[in-house]
Amino acid sequence: MSRNNLLITKSGDNKMAKIKIVTDSVSDINPELAKKHNIEVIALNIFFGDDHFKHGVNITASEVYGMMESGIYDWPRTSQPSAKEFLEVYQKIFDDGYDAIISIHVTQKMSGTTNSAMLAKKQLKDKDITIIDSNTATLPLGLLVIEAAKLVKTKKSKEEIIKKINNLAPKSHIWGVVDTLENLHKGGRIGRAKKILGSLLNKKPLLQVEDGLVDSFGSVKGHEEGFSKFMQSMPKI
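Written out as structure tokens, the structure is:
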């Protein structure tokens, strides 16, 4: 075990470093689950016009979709937490007696969240902070974070936790089929031509997060056909 993983007391006794797991709200870990696993979740920002919300704090995903479908509001904008927010969270964690932080976040190809975390880390040069870009989002990110928290509870070292998460991350996949291409078009994920063609053919795209980006790997007529495609694509055990 390296010296970085030991807390040296005045008496010369050693004990395991006290580690805190941090993530962002794109992980979709609800407050109860975060509390159970001692995970710190930093909220992303959502804007509907001039109204500012904190994802998972004062607005839920279902409420966001409801506001989008109502037609009353403009298309929502999102932004990553600021470096200042990360700095405040990190500093409080160390003030609470933790020795190290492992901060696991949404792919930086979708969000600047990891960059904000890195900027905060630079302000705390003497602190033990590891930033991990998960290269994914939503549930796969959440599962990685929960696994890291479980490893903390079993007294694994910081190096062991980081190695395990880095090994698991490439094995995490997101597949999905959507009902409408409208939101993908508004969000800039597809062009107008693809939207019109898909609507005319009544096709629903099969989506995946590949190398940190949303990509299409085909289309289907409906959810049943989509489920069959997913099953065919799953690796054989």
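Going letter by letter, the sequence shown gives residues 69 to 305 in my numbering.
C-beta: ideal position from N, C-alpha, C; glycine also.
Exposure of residue i, with buried meaning 16 or more beta-carbon neighbours within 10 Å
i: H291; result: exposed
i: I140; result: exposed
i: S287; result: buried
i: G117; result: exposed
i: S130; result: exposed
i: D307; result: Since the first residue shown for the chain is 69 and the last is 305, residue 307 is missing from the structure and cannot be characterised.
i: H173; result: buried
i: P99; result: exposed
i: L219; result: buried
i: F121; result: buried
i: T182; result: buried
i: G124; result: buried
i: S138; result: exposed
i: Q148; result: buried
i: L281; result: exposed
C-beta neighbour in chain D for residue i, strict 9 Å
i: K232; result: Structure shown: chain D not included; a single protein chain is present.
Segment limits, beta strand (DSSP E) that includes residue i
i: Q276; result: K272 to E278
i: T146; result: R145 to S147
i: K88; result: I87 to D92
i: D96; result: Here D96 belongs to no beta strand (DSSP E), and DSSP marks it neither H nor E.
i: G244; result: W243 to V245
i: K122; result: D119 to K122
Extent of the continuous alpha helix (DSSP H) run through residue i
i: H291; result: H291 to S301
i: N235; result: K226 to L236
i: G210; result: T206 to K221
Distance, residue j Cα to residue i Cα
i: I200; j: V90; result: 10 Å
i: S202; j: N126; result: 25 Å
i: I264; j: I230; result: Interpretation of I264 is limited by its pLDDT of 41, a score under 50 that renders its predicted location unreliable; the figure taken from the coordinates is listed afterwards. If you take the alpha carbons of I264 and I230, they lie about 45 Å apart.
i: D92; j: E293; result: 33 Å
i: D68; j: M178; result: This structure gives no information on residue 68, because the portion of the chain shown stretches from 69 to 305.
i: D247; j: K297; result: 16 Å
i: Q276; j: Q300; result: 14 Å
i: F285; j: P273; result: 8 Å
i: E108; j: G180; result: 18 Å
Distance between beta carbons of residue j and residue i, contact taken as under 8 Å
i: V132; j: A205; result: Going by Cβ atoms, the distance from V132 to A205 rounds to 15 Å, so no, they are not a contact pair.
i: F154; j: A102; result: With 8 Å as the limit, F154 and A102 do not qualify as a contact, their Cβ atoms being about 16 Å apart.
i: A85; j: D167; result: 4 Å
i: I170; j: T146; result: Not confirmed; about 24 Å, so no contact.
i: V213; j: I97; result: 6 Å
Three CB pairs or more closer than 8 Å across the region 199 to 209 and the region 238 to 245: With a cut-off of 8 Å, the region 238 to 245 and the region 199 to 209 count as touching, because enough Cβ pairs lie within range.
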